[in-house]
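Going by the UniProt record's numbering, the first residue of the sequence shown is number 1, and it counts up by one from there.
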Amino acid sequence: MKIKKTIKILLTLGIICLILGPLLGEMTESILIHNESSKIVNQESEKSFHDVDAYEISIKKNQKITIKFSVYSQNVTAYLKIFGKGLFDSEYIKNDTYGPKNVSGRYFLISKPAWSGDPSWFGETQMVVSCIQDDFYFIEFMGDGSSGGYIWNEPGDYVVFVYGSNSYNMSTEVTYNIEIYKDGPSTLLRNGFSTAGWAMLILAGLIIINYSIKKFRSG
Numbered sequence: 001m002k003i004k005k006t007i008k009i010l011l012t013l014g015i016i017c018l019i020l021g022p023l024l025g026e027m028t029e030s031i032l033i034h035n036e037s038s039k040i041v042n043q044e045s046e047k048s049f050h051d052v053d054a055y056e057i058s059i060k061k062n063q064k065i066t067i068k069f070s071v072y073s074q075n076v077t078a079y080l081k082i083f084g085k086g087l088f089d090s091e092y093i094k095n096d097t098y099g100p101k102n103v104s105g106r107y108f109l110i111s112k113p114a115w116s117g118d119p120s121w122f123g124e125t126q127m128v129v130s131c132i133q134d135d136f137y138f139i140e141f142m143g144d145g146s147s148g149g150y151i152w153n154e155p156g157d158y159v160v161f162v163y164g165s166n167s168y169n170m171s172t173e174v175t176y177n178i179e180i181y182k183d184g185p186s187t188l189l190r191n192g193f194s195t196a197g198w199a200m201l202i203l204a205g206l207i208i209i210n211y212s213i214k215k216f217r218s219g
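Written as structure tokens, this is what we have:
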């Protein structure tokens, strides 16, 4: 009876692990690390690093950062760049006039969704993206890239920052939306639960075979 109970437990846990693996993998595909809706940055941010909105991120080996960047307001243009943290800190200290606008950042891949197809069909690499009313951009960043449409992994600390302008004379506010995600442990969880599940099913099978052989020999 004890052997049968052990087999039942192993089979149950094995099946549960095989079911949970893909589910947990899907749930942890990406992790939200920054989320700002209707965030306001002053248009002085175009002139001064002291006025930009900055979001620090860290990239590990083979990791990717995904950003959703949009603007819904009239008369507003919001810009997004990504610097290495060292460059951002040094430019922040210098704070040259129009520094945010003039200093080049890292390459990232941008996609602008369209009704005619998948957003990835319209991807290109840029060092800056500008958003006006009703624009939405899907951005992928791994550390750096090239103008030929490629990005690659360079682990390290980076700063995503936003600055902008407002063409309406009575307002200095630049309103935008941003969501920043990092790759989650989906692959690790998926593979871990799958391995554990199959291991328990195989072990249960071996116990069944061994139990059957002993029972057969005992007559």
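Glycine included, each C-beta is placed from N, C-alpha and C at the ideal position.
* Span separating the alpha-carbon of N95 from that of P155 -> Residue numbering aside, residue 95 sits at position 95 when the sequence shown is read from its first letter. Residue numbering aside, residue 155 sits at position 155 when the sequence shown is read from its first letter. Their Cα atoms are separated by approximately 26 Å.
* Would a C-beta distance cut-off of 7 Å place T125 and L109 closer than the cut-off? -> The count along the sequence shown starts at 1 and reaches residue 125 at position 125. The count along the sequence shown starts at 1 and reaches residue 109 at position 109. Going by C-beta atoms, T125 is nearer than 7 Å to L109.
* Assign G148 to one of three DSSP states: helix, strand, or coil. => Counting from 1 along the sequence shown, the entry for residue 148 is found at position 148. The answer is coil: DSSP assigns G148 none of H, G, I, E or B.
* To do: Tell me whether the beta-carbon of G145 lies closer than 7 Å to the beta-carbon of Y79.
  => As a position in the sequence shown, residue 145 is number 145, starting the count at 1. As a position in the sequence shown, residue 79 is number 79, starting the count at 1. No, they are not a contact pair.
* To do: In angstroms with no decimal places, state the Cα-to-Cα distance between E91 and V129.
  => Numbered from its first residue, the sequence shown carries residue 91 at position 91. Numbered from its first residue, the sequence shown carries residue 129 at position 129. Distance between the alpha carbons of E91 and V129 is about 19 Å.
* To do: Can you grab the Cα-Cα spacing for the pair L203 / L10, in whole Å?
  => In the sequence shown, residue 203 corresponds to position 203, counting from 1. In the sequence shown, residue 10 corresponds to position 10, counting from 1. Using only the alpha carbons, I get a separation of about 8 Å.
* Uninterrupted beta strand (DSSP E) stretches inside the segment 56-98 (no shorter than 3 residues) -> 65-71, 76-84
* Any 3 or more C-beta pairs closer than 8 Å across the segment 17-31 and the segment 162-180 -> no
* Asked: How should L188 be labelled, buried or exposed, when 16 other C-beta atoms within 10 angstroms of its C-beta is the threshold for buried?
  -> What you label residue 188 is simply residue 188 of the sequence shown in a count that begins at 1. Looking at its Cβ environment, which holds fewer than 16 other Cβ atoms inside 10 Å, L188 is exposed.
* To do: Note down, in chain order, each residue of its chain lying with its Cβ closer than 6 Å to the Cβ of E179, except the 5 sequence neighbours on either side.
  => Reading the sequence shown from its first residue, position 179 is the one you call residue 179. Closer than 6 Å at the Cβ level, and outside the excluded window around E179, lie N35, K68.
* Asked: Does the segment 168-175 come close enough to the segment 36-45 that 3 or more CB-CB pairs lie under 8 Å?
  -> These segments touch.
* Asked: On the three-state DSSP scale, how would you describe N166?
  -> Working through the sequence shown from its first residue, we reach residue 166 at position 166. Residue state, collapsed to three classes: strand.
* Asked: Between K60, S73, I65, L87, which lies nearest to I132 when the distance is taken from Cα to Cα?
  -> To locate residue 132, count along the sequence shown from 1; it is residue 132. Nearest option by C-alpha distance: S73.
* Asked: Which word fits N166, buried or exposed, when buried means at least 16 other C-beta atoms lie within 10 angstroms of its C-beta?
  -> The residue given as residue 166 occupies position 166 in the sequence shown. Buried is the call here.
* Which partner residues of N177 appear in the DSSP bridge assignment? -> Mapped onto the sequence shown, residue 177 falls at position 177. DSSP, once it has assigned bridges, lists S70 as partnering N177.
* Just the C-alpha distance for N102 and W198, rounded to the nearest angstrom, thanks. => Counting from 1 along the sequence shown, the entry for residue 102 is found at position 102. Counting from 1 along the sequence shown, the entry for residue 198 is found at position 198. Going from the Cα of N102 to the Cα of W198 covers about 56 Å.
* Check Y137 in the structure and name its three-state DSSP category. => As a working note, residue 137 is residue 137 in the sequence shown. Strand, per DSSP.
* Asked: Could you check where the beta strand (DSSP E) with K47 kicks off and where it finishes?
  -> Here residue 47 refers to the residue found at position 47 when the sequence shown is read from its first residue. Run containing K47: none; DSSP gives neither H nor E here.
* Span separating the alpha-carbon of S218 from that of K8 -> Numbered from its first residue, the sequence shown carries residue 218 at position 218. Numbered from its first residue, the sequence shown carries residue 8 at position 8. Near 23 Å, if we compare the C-alpha coordinates of K8 and S218.
* According to DSSP, is I207 helix, strand or coil? -> Taking the first residue of the sequence shown as position 1, residue 207 is located at position 207. Correct three-state label for I207: helix.
* Asked: So who's on the other strand from C131, going by DSSP bridges?
  -> As a working mapping, residue 131 is identified with position 131 in the sequence shown. Answer is A78.
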